[in-house]
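Working notes, structure below.
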Amino acid sequence: MKAVIPLDAAGDLATAGGKGASLARLAGAGLPVPGGFVVTTEAYRAFTAGFRDEILEAAEAGDAERIAGLFAARDVPGDLAAEILAAYEAVGAPVAVRSSATAEDLPDMSFAGQQDTYLNVRADTLLDAVRRCWASLWNARAIAYRDHNRVPHAEVALAVVVQELVDADAAGVMFTADPVTGARDETVIDAAWGLGEAVVGGQVTPDTVVVSQGRVTRSRTGDKAVMTVRTEDGTRERPVPAELRRAPVLDERQAVELAALGARVEELYGTPMDVEWARRDGAFAILQARPITALGQRYEEWNDAAEGGHLWSGGNLGEAIPDVMTPATWSFVRLFIREAMYASTLPGFRLVGNIGGRFYMNLSIAYSVAHAFGLQSRLSALEEVFGKVPAGLDVPLLDVSRWELFRRVLPVAVEVRRRVRRNLKGMRAFLAEAPERAGELRARIAAVDSGPELAELGEREILPYLVTACRMLEAAGRQGGAALVLTRVRLRKLAGEVDAEAMLTGVNADGELASLGLLTGLGKVARGEITREEFARRHGHRGPHEFEISMPRPGEDPAWLDAQLAGLRDLPEDTGTLLERQREAAGAAWARFARSHPRKVAGMREKVRRWNAVVRDRETARSEVVRAFWVVRAYVLRAGELTGHGDELFFLDREEIAAVLRGDTGPLAEVPVRRATYERYAALPAYPALIVGPFDPVGWAADPDRRADLFDARGGVPPQDTVTGFPGAPGVVEGVARLIGGPEDGDRLRPGEILVTTLTNVGWTPLFPRAAAVVTDMGAPLSHASIVARELGIPAVVGTGNATMRLRDGDRVRVDGERGTVEVLT
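Now the structure itself:
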């Protein structure tokens, strides 16, 4: 058995893994690669021979913790340990220990970051580092990545690369082609002080230098706050000295020299490469190189803001549909908008748009109508729904006359009123029957056994069911007219901010509020009042990604329910306690109102009752639309099964899906490009809440000075230093700010911390009882965060625009939900 081989002799992928084989290739070509050795895959297989079947069994079950225990319980055998330590003595210096799997650093799959690396390792910890590298082949990330890429677990093995550690004064990553634009004539270098882990791990904003044709063409110096350095017992993050934080790491000569090394690496492999590098005493070393995956792929452009000329908002429905949408989802969302917002059919204008795959609404239309008909004073009501427009922002108006607007708007407005009156007559009957109807349709979809039959069922029953649900949402949302906005405004004037918000609670009192259904349902499961199956039937359609039909619903994922139930155990107070406390606060507020305005109590109670009824109806109707989207998901999944094309159908629109079901495979030719386009946009951060175009999502994401609150191609409105927004729910609280990117990361939020995020929707609701307060970039008084926080009595500030820009994870802050302010204390 070859247990240990010199690094420069480790050219066999099967023996040395992807990283080891690549480094051997680089060293053999004369590139500056630190010396070392490889603990081969044969050594790994010998170590795991006695428990390999247990590993594979646990991997199939997704039980990474069990596998970690299997490795931890075993020592490296004596003869193998001696051989590894002898090879280390020949190196004679602290080393970096890196995993090198047989399925990594490949042209089509990098597997980057899936296994482990340990730095500044010495003899006394080397064997443990090797064993932990072996175990990392089976961590949860690596198992999931192989499953996603259909790499059989039984076929992989892991070598370990042990190299002399470069005690770098600077390090980083180099791409021999621009990974964002695909430009093959540009080398992009990221550089920071210290070892390279701070760059690779994303803990620091590095310098970025672009080299083309032997010269630096662009550069940006980052604010490099931390650096990874060697210590006696490993590595640590240390603050960068003040004089170096904003100093460039590379001068032009060094950048060009490094780019020339990159060109040699690319020439060796014949493809653009992702290269990790380090610098010590002015000399560069190559630590790793892998092909850049998916470079040069053709993309579509999904961007209704490319031409500019409008104000686009991601508020309101954009909060309910927060994901980059697959083409199938976008096609059904367009149908949803047409039927749930008939005003979107206004001739000649696009009320909704797809910007980089995300849902936006065109507010320039509403502003233009308001200005044309002298209704500017009503724009504040628009902000109550979509969020604030920054002071000083010049909203672009439509280039059309007042009379032309009137000619186009009036017929649509008349038809909307007619539709609402007609649909309200059948709304309650539909909402009562919809859950059973959805369950029946999903069962029938599962029973269909031919493509043409499923296409017929889709056209005859599924689409009409979805259309009806959408029309009922329109009726429910418009039945109160301006009541949702004006009642709140009037009550605040009479009772004050805090009492008004307390008096408006109780939406959940006369029937379950759909937005709270996930949370109250989880409590019932935990207390044994309903079964898991009953929970899935009632609430399984709701979740953070409920409109995106390519993503599973909680009702399809038992692990989701397990995780949420586990999260309930550490709550400081259960939901019932929060709701009861808020009921008491509401009672006290009504008593104060009765003493101050005895003649207005009855009338105001009736207004609030109507407020609550409208909110309940709107949320119930929205819930049934989402349930209809679960039916649509079942339809597309079954279509993939019957045609044998699986998830490819998520990259077709609804007409194309029907065509494929009837035997036309032509639309499938577009799938590779659409999938690549979707993945490209999905990899970008969430776009600004407000956009005045022309807007390029990819270019915006590459800008280190990008803003999350506003993009205005004209410039103008400066970013705000303070964090202020709408008073979402009253109360003042101090605590630790925890920035959460998505509900899947909710376990990072500890009880009593302040939830800070871009937006929330129903899928976030189980996190609310854990939070001392909620702060969002997007939102308005009628948004999900406001309604749920108000019902639970949790202070909230919504629609700040810049909370995730200005607040840092771990900051201590004071949230004032009455004034709508967030103050950093430390």
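Its first residue numbered 201, the sequence shown is counted upward by one per residue in the numbering used here.
Ideal placement from N, C-alpha and C gives every residue a C-beta, glycine not left out.
Span separating the alpha-carbon of residue i from that of residue j
i            : j            : result
residue 715  : residue 965  : 8 Å
residue 789  : residue 541  : 36 Å
residue 803  : residue 675  : 25 Å
residue 276  : residue 331  : 7 Å
residue 866  : residue 588  : 45 Å
residue 646  : residue 252  : 38 Å
residue 951  : residue 771  : 6 Å
residue 626  : residue 910  : 41 Å
residue 428  : residue 437  : 5 Å
residue 308  : residue 466  : Because the pLDDT at residue 308 is just 42, under 50, the model does not fix this residue reliably, and the value given afterwards should be weighed accordingly. Their backbone Cα atoms lie some 16 Å apart in a straight line.
residue 394  : residue 783  : 56 Å
residue 940  : residue 844  : 38 Å
residue 1096 : residue 424  : What the structure shows of the chain is the stretch from 201 to 1026, and residue 1096 is not part of that stretch, so it cannot be assessed.
residue 593  : residue 916  : 8 Å
residue 787  : residue 794  : 11 Å
residue 204  : residue 217  : 13 Å
residue 239  : residue 1021 : 57 Å
residue 724  : residue 852  : 39 Å
Beta strand (DSSP E) segment containing residue i, residue limits
i            : result
residue 377  : From DSSP, residue 377 is part of no beta strand (DSSP E); its letter is neither H nor E.
residue 408  : 407-412
residue 436  : 434-439
residue 393  : 387-393
residue 1023 : 1021-1024
residue 355  : Taken as a continuous stretch (DSSP letters only), residue 355 belongs to no beta strand (DSSP E), as it is neither H nor E.
residue 555  : 552-555
residue 487  : 483-491
residue 419  : 415-420
Chain-order list of residues whose beta-carbon lies under 7 Å from that of residue i (same chain, five-residue window excluded)
i           : result
residue 885 : 901
residue 499 : 873, 876, 877, 880
residue 547 : 608
residue 446 : 421, 423
residue 764 : 722, 966
residue 998 : 925, 926, 928, 976, 979, 980, 983, 985, 986
Per-residue DSSP class, three states only, for residue i
i            : result
residue 339  : coil
residue 910  : strand
residue 516  : coil
residue 477  : strand
residue 920  : coil
residue 790  : helix
residue 804  : helix
residue 934  : strand
residue 238  : strand
residue 454  : helix
residue 812  : helix
residue 203  : coil
residue 560  : strand
residue 1016 : strand
residue 427  : strand
residue 545  : helix
residue 1011 : coil
residue 750  : coil
residue 954  : strand
residue 656  : helix
residue 823  : helix
N-terminal and C-terminal residue of the alpha helix (DSSP H) that residue i is part of
i            : result
residue 318  : Looking at the DSSP string, residue 318 is not in any alpha helix (DSSP H); the run it does join, the beta strand (DSSP E), is 317-321.
residue 1005 : 1003-1006
residue 992  : 984-992
residue 860  : 854-861
residue 974  : Premise fails: residue 974 lies in the beta strand (DSSP E), 973-976, not in any alpha helix (DSSP H).
residue 220  : 213-228
Own chain, CB closer than 8 Å to residue i, minus 5 neighbours either side, in chain order
i           : result
residue 904 : 405, 408, 420, 422
residue 961 : 519, 520, 522, 744, 746, 984
Residues near residue i in its chain [Cβ-Cβ closer than 6 Å; skip 5 each side]
i           : result
residue 539 : 667, 670, 671
residue 855 : none
residue 906 : 900
residue 305 : Only weak support is given to the placement of residue 305: the predicted model assigns it a pLDDT of 44, under 50, and the value that follows is read from those uncertain coordinates. Hits under 6 Å: 218, 219, 222, 490.
(message) To test your reading of the DSSP string, which unbroken alpha helix (DSSP H) runs of 4 or more residues are found completely within the stretch 562-636?
(response) 563-572, 579-586
(message) Quick check on the DSSP output: what are the complete alpha helix (DSSP H) runs of length 4 or more inside the stretch 263-297, in order along the chain?
(response) 264-272, 278-291
(message) Suppose only complete runs of 4+ residues qualify. What are the alpha helix (DSSP H) ranges in the stretch 715-739, listed by chain order?
(response) 717-726, 732-739
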